[in-house]
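Worksheet: one structure, shown below.
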């Protein structure tokens, strides 16, 4: 019952998220899920406490399964949102494409511009008349990112911005 | 005490997760084995598969609702740990958006055209990979001049379209 409850909770959270995503409020798609997923999760944990008690393994297992399902769902919809490969699969499901169709559709300059607009939209970059600049939040994100690269042993990226670009 | 009957089992399960992380931090980190996407994925996927299998084998010997809950709960915790780890690893390894952010950070201020020009070159290099990945995973195949989805690709496309619809994503990719 607790296992089915966790899966049912995810379905309710996903439906709530779908509804919230259609409302005109200034929140990004992940924050919207955190709201619905958090609310449903709180109700689900309250139900588990009442049904099984605080010390029962079913209570903690139900909460862990629900949390895992939510994390997987967030990963999947952010992947569907940001992955070019996922976007290509979605388009190929609607119509067949030639190499030149794909070439035109996935023009690299257009794709960088799309990502840039998204980063401006979530408040990590400021698009000023004098150029692009990181916001305080963006700077904090880059610091965390550098620390993560060091932690995982990935080399720090080097950039070569030529004036001709 | 939480789970008085299964306290040792839970402690062993949680210790395993801690050891798995420490093994990466103290021994494997920076080694070629776990520096590739495939290597780090197998390190986590293999561990999760064995962990879940052992948990369920132990469950068979107890066979109670509580024992099943412990096995599923611990497997879910492994899932949370591995998914979080792999997401961070991938993000740090080469996310396009993070690269744009660090690119701007390296210059302080950058014109939109300069940035788009520089990162478009990286995009051009990646372009060829995408179709070969789809082809390698048997998700799409070339049929004459056109690219078409395979049966597996259509199934994945249904999932992607459902997620896009659920999250009301207007602009993806």
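Residue numbers (the working numbering), protein chains in the order written: chain A, 1 to 165; chain B, 1001 to 1173. For each residue, glycine too, the CB sits at the ideal point set by N, CA and C. As the structure is a prediction and not an experimental result, all values here were calculated from the model.
When DSSP builds the beta bridges, which residues end up paired with residue i?
i	result
residue 99 of chain A	None, per the DSSP bridge assignment.
residue 132 of chain A	A:127 and B:1110
residue 1143 of chain B	B:1146
Would you verify that the beta carbon of residue i is, or is not, closer than 8 Å to some beta carbon of chain A?
i	result
residue 1023 of chain B	no
residue 1059 of chain B	no
residue 1119 of chain B	yes
residue 1043 of chain B	no
residue 1026 of chain B	no
residue 1102 of chain B	yes
residue 1017 of chain B	no
residue 1157 of chain B	yes
residue 1039 of chain B	no
residue 1145 of chain B	yes
residue 1029 of chain B	yes
residue 1133 of chain B	yes
residue 1105 of chain B	yes
residue 1033 of chain B	no
residue 1099 of chain B	yes
residue 1062 of chain B	no
residue 1115 of chain B	yes
residue 1053 of chain B	no
Excluding five sequence neighbours on each side, which residues of the same chain lie with their C-beta closer than 7 Å to the C-beta of residue i?
i	result
residue 1149 of chain B	1139, 1140 and 1157
residue 1106 of chain B	none
For residue i, which residues in the same chain have their Cβ closer than 6 Å to its Cβ, ignoring the five residues on either side in sequence?
i	result
residue 1052 of chain B	1075
residue 9 of chain A	40, 44 and 66
residue 165 of chain A	Any reading at residue 165 of chain A must be qualified, since the residue scores a pLDDT of 47, below 50, and its modelled position is unreliable; the value itself is stated next. Same-chain partners within the cutoff: there are none.
residue 37 of chain A	13 and 70
residue 27 of chain A	none
residue 1014 of chain B	none
residue 1034 of chain B	1028, 1040 and 1043
residue 18 of chain A	none
residue 6 of chain A	62, 65 and 66
Does residue i have its Cβ less than 8 Å from a Cβ in chain B?
i	result
residue 4 of chain A	no
residue 125 of chain A	yes
residue 131 of chain A	yes
residue 26 of chain A	no
residue 109 of chain A	yes
residue 139 of chain A	yes
residue 113 of chain A	yes
residue 46 of chain A	no
residue 40 of chain A	no
residue 14 of chain A	yes
residue 135 of chain A	no
residue 153 of chain A	yes
residue 145 of chain A	yes
residue 31 of chain A	no
residue 61 of chain A	yes
residue 49 of chain A	no
residue 148 of chain A	yes
residue 88 of chain A	yes
residue 102 of chain A	yes
residue 8 of chain A	no
residue 36 of chain A	no
residue 21 of chain A	yes
Leaving aside the five residues before and after residue i along the sequence, list all residues of the same chain whose C-beta is less than 8 Å from its C-beta, in chain order.
i	result
residue 1090 of chain B	1037
residue 1079 of chain B	1048
residue 1119 of chain B	1096, 1099, 1100 and 1103
residue 1058 of chain B	1009, 1067 and 1071
residue 124 of chain A	134, 135, 137, 138 and 141
residue 1110 of chain B	1103 and 1104
residue 1122 of chain B	1096 and 1099
residue 122 of chain A	28
residue 1005 of chain B	1066
At the 8 Å Cβ level, is residue i part of the contact set with chain E, yes or no?
i	result
residue 67 of chain A	In summary, chain E is missing from the structure at hand, where the protein chains are A and B.
**Q.** contact_flag[the segment 79 to 88 of chain A, the segment 17 to 27 of chain A] where n(CB pairs < 8 Å) is 3 or more
**A.** no
Q.
Using 8 Å as the cut-off, can you tell me whether the segment 1079 to 1088 of chain B makes contact with the segment 52 to 72 of chain A, which would need three or more C-beta pairs spanning the two stretches below that distance?
A. yes
Q) At a cut of 8 Å, does the segment 136 to 144 of chain A reach the segment 1099 to 1111 of chain B through at least three beta carbon pairs? A) yes
Q: May I have a chain-ordered list of the alpha helix (DSSP H) segments no shorter than 4 residues that lie completely inside the segment 63 to 92 of chain A?
A: 84 to 92
Q) Is the number of C-beta pairs between the segment 47 to 60 of chain A and the segment 1059 to 1076 of chain B that are closer than 8 Å three or more? A) yes
Q: Could you say if the segment 127 to 135 of chain A and the segment 98 to 115 of chain A meet the contact criterion of at least three C-beta pairs nearer than 8 Å?
A: no
(Q) List, from N- to C-terminal side, the alpha helix (DSSP H) runs of 4 residues or more that fit wholly inside the segment 1049 to 1112 of chain B. (A) 1065 to 1094 and 1096 to 1107
Q: Within the segment 3 to 71 of chain A, note down every full alpha helix (DSSP H) run reaching 4 residues or more, in order along the chain.
A: 29 to 52
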